[in-house]
Every structure is written in structure tokens, then in C-alpha cells.
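**Q**
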Amino acid sequence: MHRAIAADTLAYLTEVDSNLQQVAAISNQLVSALVDLLKCPSVEARRAAFRAFASLAANDEDIRKRIIDTKCLMDRVVDGLGDDNKEIRLAAVRCLHSLSRSVQQLRTTFQDHSVWRPLMVLLTDSPCTELLTAASSALCNLLLEFSPAKEPMLQQGVVQLLANLASRSEPDLRLNGVWALMNLAFRAEQRVKSQIITALGTDQVFRLLADSDTKVLMKTLGLLRNLVSPRAHTDTMMALHGPQVMQGVVLVLEGAHPPDVKEQALCILGNIADGERAREHIMSNEDVLKKLVGYMTHPSVCLQESAVFCINNLTRRGEPGSIDRQAKLKEMGVVQILQQLLSTADPVLFNREMNSDSISRVKAALTQFADV
Numbered sequence: 020m021h022r023a024i025a026a027d028t029l030a031y032l033t034e035v036d037s038n039l040q041q042v043a044a045i046s047n048q049l050v051s052a053l054v055d056l057l058k059c060p061s062v063e064a065r066r067a068a069f070r071a072f073a074s075l076a077a078n079d080e081d082i083r084k085r086i087i088d089t090k091c092l093m094d095r096v097v098d099g100l101g102d103d104n105k106e107i108r109l110a111a112v113r114c115l116h117s118l119s120r121s122v123q124q125l126r127t128t129f130q131d132h133s134v135w136r137p138l139m140v141l142l143t144d145s146p147c148t149e150l151l152t153a154a155s156s157a158l159c160n161l162l163l164e165f166s167p168a169k170e171p172m173l174q175q176g177v178v179q180l181l182a183n184l185a186s187r188s189e190p191d192l193r194l195n196g197v198w199a200l201m202n203l204a205f206r207a208e209q210r211v212k213s214q215i216i217t218a219l220g221t222d223q224v225f226r227l228l229a230d231s232d233t234k235v236l237m238k239t240l241g242l243l244r245n246l247v248s249p250r251a252h253t254d255t256m257m258a259l260h261g262p263q264v265m266q267g268v269v270l271v272l273e274g275a276h277p278p279d280v281k282e283q284a285l286c287i288l289g290n291i292a293d294g295e296r297a298r299e300h301i302m303s304n305e306d307v308l309k310k311l312v313g314y315m316t317h318p319s320v321c322l323q324e325s326a327v328f329c330i331n332n333l334t335r336r337g338e339p340g341s342i343d344r345q346a347k348l349k350e351m352g353v354v355q356i357l358q359q360l361l362s363t364a365d366p367v368l369f370n371r372e373m374n375s376d377s378i379s380r381v382k383a384a385l386t387q388f389a390d391v
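Number 334 in this note's numbering belongs to position 315 of the sequence shown; there are no gaps in the numbering.
Below, the structure written as C-alpha cells:
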């Protein structure tokens with residue numbers, strides 16, 4: 020009992036203090052002592068041990084590796100995920116969440132132990148919001164680009180599971196659902212992106228874009244950005260869902276949002292502007308073009324820069340229809356605005372790289388108009 024209390028106290032003290040985590044982890048005996056606690060029949064002891072591991076592994080990669088490399092530890096975590104006791108399951112999930120922050124272990128140990136299986140069972144069967152929140156947080160990490168767990172999870176229906184989470188009334192569950200889908204969409208195959216859009220549905224996407232929680236909105240914009248990039252996927256996605264994507268972007272640009280939110284919406288336009296056919300969704304929309312030109316002179320530099328990036332993609336020389344696009348934007352005063360921006364010489368907009376051939380975004384955009 021005393022050991023359980025000690026482990027619980029350790030978990031509490033080290034939960035948010037990275038310095039204390041490192042100090043505590045110096046002891047060679049600590050990790051093995053906590054593993055011994057996981058073997059105890061006592062619920063309090065096992066719960067405390069999982070909590071301590073979760074706190075110790077919260078920030079430091081070396082500590083995570085030491086914990087994960089401990090013999091039988093991952094087996095104990097997997098067992099804990101399926102334990103009959105809800106408190107044990109919750110503590111094991113939080114432990115897994117901390118350990119899953121390790122990029123290297125996601126590629127190796129986590130695949131060897133198929134931790135995604137019991138995690139998906141929890142997400143499917145658990146009615147407990149606290150447990151669902153912890154499990155979906157861990158799932159976000161398991162769906163990062165380099166994780167080998169992605170494909171088997173796709174085969175087991177993870178997209179629909181996450182779409183269901185994204186429609187929940189609890190903000191944390193919506194956030195984790197969208198966040199995991201955003202991770203899943205990053206550099207994903209076209210088939211996966213289509214699955215995501217189909218599972219979510221455009222109505223739900225609009226609801227998420229109107230979410231009162233800014234974190235949910237930002238992850239939804241991140242999801243859309245990943246869906247319409249890279250360039251090879253831009254035209255296909257916009258051919259299928261172009262009007263809805265544009266409507267969603269306009270919804271955000273017209274909302275009372277801070278610059279960092281609107282910047283993400285402009286970045287989506289920048290990706291769309293990179294598509295050979297997709298960019299026509301922008302060029303044919305007078306309202307969007309006026310907004311884009313307006314953001315070029317916005318007081319926020321991040322919005323200026325994103326707008327200029329989009330203009331640069333729209334007017335890129337040598338691409339089909341570029342002269343017509345250049346002429347239209349020149350009529351709207353874009354060249355004059357670019358020249359004004361150039362005269363301000365804002366160091367953020369210029370963003371010079373080390374090599375001498377690098378040019379600023381503004382200069383790059385201006386060079387596109389040489390033919391008109």
C-alpha cells in the first residue's frame with residue numbers, strides 16, 4: 020500500500036515538471052520497481068504504476084526509451100488496456116499516450132505489440148468520456164505519417180470511428196477526432212482522403228468549421244489543407260468537392276477569427292491555387308479574389324504573406340492560362356500592391372534564405388507579371 024501511495028505521489032509531482040521527470044528517472048531502480056508494482060494484484064498499485072510511467076514519459080525521449088525497453092513493460096500496458104477495472108484501463112491508456120510520443124518507438128516497438136488493437140476496442144466499446152478522450156489522444160499519435168499502424172487500422176474501420184468522434188458533443192472528443200483525421204490525411208493516398216470526406220460528410224465539415232472551439236476549427240482547417248495537397252491530389256479533390264471546400268474557406272475568412280485561423284484558410288487557397296484545374300475555383304469566384312487582394316494589405320504580416328503565396332501560385336508563368344490570370348489580377352491592382360509591399364521591405368515577408376539565389380515572396384510574385 021505504501022509503495023502505491025509513493026508511486027501516486029511521484030506521478031503527481033512529475034506530471035508537468037520536466038526537470039523533476041529527469042531527476043526521478045536518474046535512479047536505475049525506479050523503472051524496475053514500478054514494473055514490479057504492475058505485477059501486484061492490487062488495483063491501486065497497478066494504477067499508480069501506470070500513472071507514474073505516464074508522468075515520467077511525458078516529455079523526454081530518452082526516458083521513454085528506457086521505459087519501453089524494460090522487459091515485459093509493453094505487454095503489461097497492452098494487458099492494462101483490456102483490464103476489467105476501468106481505473107486500470109484509464110491509467111494504462113494515459114501511459115500509452117505518453118509513450119506514443121516517441122517517434123522511434125512508433126516505428127518499431129508499437130508495431131511489434133499491435134497496441135492499436137486494444138485501443139480501437141476501447142474506442143468502440145467504451146461509454147466513458149474520460150477513457151475515450153485519453154484513448155483518442157493516443158490514437159492521434161498512432162496515425163502519424165511514419166506509423167506502421169496506419170494501414171491495419173484503416174482496414175479495421177478507423178476512419179468511420181474518428182468521424183463519429185468528430186461529431187460528438189464533447190469538445191475534447193471532437194478535437195481528437197479531427198486531429199487524428201488530419202494526421203491520417205497527411206500525405207495519404209487518394210483512396211484514404213476520399214474515405215475521410217465520405218465518412219465525415221460535407222455537413223459535418225461545415226459544422227466543424229463553425230465550431231466555437233478554436234482548437235477544433237484549426238485542426239479542421241489542417242485536415243482540409245492536407246486533403247487538397249500535394250499538387251498531385253489537388254485537382255482530383257477539388258473536382259469532387261471543390262464548391263464545398265471553397266464555401267468552407269469563405270466561411271472562415273468572413274468569420275470573426277484571429278489572424279492565425281484565417282492564415283490557415285488562406286494556406287488552403289494557396290494549395291488550391293497550385294492545382295492546374297483547381298485554381299479555376301478561385302479565379303471564377305470574384306468574391307474570393309477580392310478577399311485575397313484585400314488580405315495582401317492586411318495589418319497582419321502572416322495574412323499578407325499567405326495572400327502573396329496564393330497570388331504567386333495563381334500567376335505562375337508558363338502554365339496553361341497564366342497570362343489571362345495575370346491580366347485579371349493586374350486589373351484588380353495586384354501588381355501595384357506588390358510594388359508597395361516591396362517598398363516596405365518587411366523582413367518577415369522577405370524571409371531570405373542562406374543561398375544568394377533566394378528571392379522574397381513578393382519579388383517572386385512580381386516576376387510572374389512580366390508578360391502583362
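We put the beta carbon where it would ideally sit given N, CA and C, even for glycine.
Using alpha carbons as the reference points, say which of W135, P60, I216, V327 lies closest to I107.
**A** To locate residue 107, count along the sequence shown from 1; it is residue 88. Here the closest residue by C-alpha is P60.
**Q** Whose CA, out of T253, M302, F205, K309, lies closest to the CA of I291?
**A** Working through the sequence shown from its first residue, we reach residue 291 at position 272. The shortest C-alpha separation from I291 is found at T253.
**Q** Return yes when the Cβ of A110 is within less than 7 Å of the Cβ of R70, no when it is not.
**A** The residue given as residue 70 occupies position 51 in the sequence shown. The residue given as residue 110 occupies position 91 in the sequence shown. Against a cut-off of 7 Å, the Cβ pair of A110 and R70 comes out as a contact.
**Q** In or out: Y314 buried (at least 16 other Cβ within 10 Å) or exposed?
**A** The residue labelled residue 314 in the question sits at position 295 within the sequence shown. Y314 is buried by the Cβ-count criterion.
**Q** To which residues of the same chain is R206 closer than 7 Å at the C-beta, ignoring the five residues directly before and after it?
**A** Stepping through the sequence shown from its first residue, residue 206 is reached at position 187. Here the set comprises E164.
**Q** Would you mind working out which of A258, I216, D222 sits nearest L13, comparing C-alpha positions?
**A** Absent from the structure is residue 13, since the part of the chain shown begins at 20 and ends at 391.
**Q** Among the residues of its own chain, which have a CB less than 6 Å from the CB of D94, if the five just before and after it don't count?
**A** Within the sequence shown, numbered from 1, the residue matching residue 94 stands at position 75. The answer is none, since no qualifying residue turns up.
**Q** Exposed or buried, which one is R250 when buried takes at least 16 other CB atoms within 10 Å?
**A** Position 231 of the sequence shown, counting from 1, holds the residue named residue 250. Burial call: exposed.
**Q** Rounded to whole angstroms, what's the CA-CA distance from E282 to D79? Just pull it up for me.
**A** Looking up residue 282 in the sequence shown gives position 263. Looking up residue 79 in the sequence shown gives position 60. Rounded to the nearest angstrom, the two C-alpha atoms are 32 Å apart.
**Q** List the endpoints of the continuous alpha helix (DSSP H) containing N331.
**A** Within the sequence shown, numbered from 1, the residue matching residue 331 stands at position 312. Looking at the DSSP string, the run of the alpha helix (DSSP H) that includes N331 is 320 to 333.
**Q** In angstroms with no decimal places, state the Cα-to-Cα distance between Q41 and L361.
**A** In the sequence shown, the residue the question calls residue 41 occupies position 22. In the sequence shown, the residue the question calls residue 361 occupies position 342. Distance between the alpha carbons of Q41 and L361: 49 Å.
**Q** Quick check: what's the CA-CA separation for R187 versus L161?
**A** In the sequence shown, the residue the question calls residue 187 occupies position 168. In the sequence shown, the residue the question calls residue 161 occupies position 142. In a straight line, the C-alpha of R187 is about 21 Å away from that of L161.
**Q** Skipping 5 residues on each side, what residues in its chain have a beta carbon closer than 7 Å to that of T128?
**A** Here residue 128 corresponds to residue number 109 of the sequence shown, with the count starting at 1. Once the five neighbours on either side are set aside, the close Cβ partners of T128 are I87, M93.
**Q** Can you say whether L158 is buried or exposed, counting buried as having 16 or more other CB atoms within 10 angstroms of its CB?
**A** Residue 158 sits at position 139 when you count from the first residue of the sequence shown. Buried: at least 16 other Cβ atoms inside 10 Å.
**Q** Cα separation between D131 and N331?
**A** The count along the sequence shown starts at 1 and reaches residue 131 at position 112. The count along the sequence shown starts at 1 and reaches residue 331 at position 312. Using only the alpha carbons, I get a separation of about 46 Å.
**Q** Which of helix, strand or coil does DSSP assign to N104?
**A** Locating residue 104 in the sequence shown gives position 85, counting from the first residue. Here N104 sits in coil by DSSP.
**Q** Would S133 and A76 be called neighbours here (beta carbons separated by less than 7 Å)?
**A** The residue labelled residue 133 in the question sits at position 114 within the sequence shown. The residue labelled residue 76 in the question sits at position 57 within the sequence shown. The answer is no: Cβ separation not under 7 Å.
**Q** Whole angstroms is fine: what's the gap from G352's alpha carbon to Q179's?
**A** Translated into the one-based positions of the sequence shown, residue 352 becomes position 333. Translated into the one-based positions of the sequence shown, residue 179 becomes position 160. Approximately 46 Å, taken between the alpha carbons.
**Q** When the Cα atoms are used, what is the spatial distance from Q209 to I82?
**A** For this step, residue 209 is matched to residue 190 along the sequence shown. For this step, residue 82 is matched to residue 63 along the sequence shown. Between Q209 and I82, the C-alpha separation is close to 38 Å.
**Q** Can you give me the C-alpha to C-alpha distance between S325 and K310, rounded to a whole angstrom?
**A** For the purposes of this step, residue 325 is taken as residue 306 along the sequence shown, with counting starting at 1. For the purposes of this step, residue 310 is taken as residue 291 along the sequence shown, with counting starting at 1. Looking at the two C-alpha atoms, the distance is approximately 12 Å.
**Q** To the nearest angstrom, how far is the alpha carbon of K347 from that of L333?
**A** Position 328 of the sequence shown, counted from the first residue, corresponds to residue 347. Position 314 of the sequence shown, counted from the first residue, corresponds to residue 333. Approximately 11 Å, taken between the alpha carbons.
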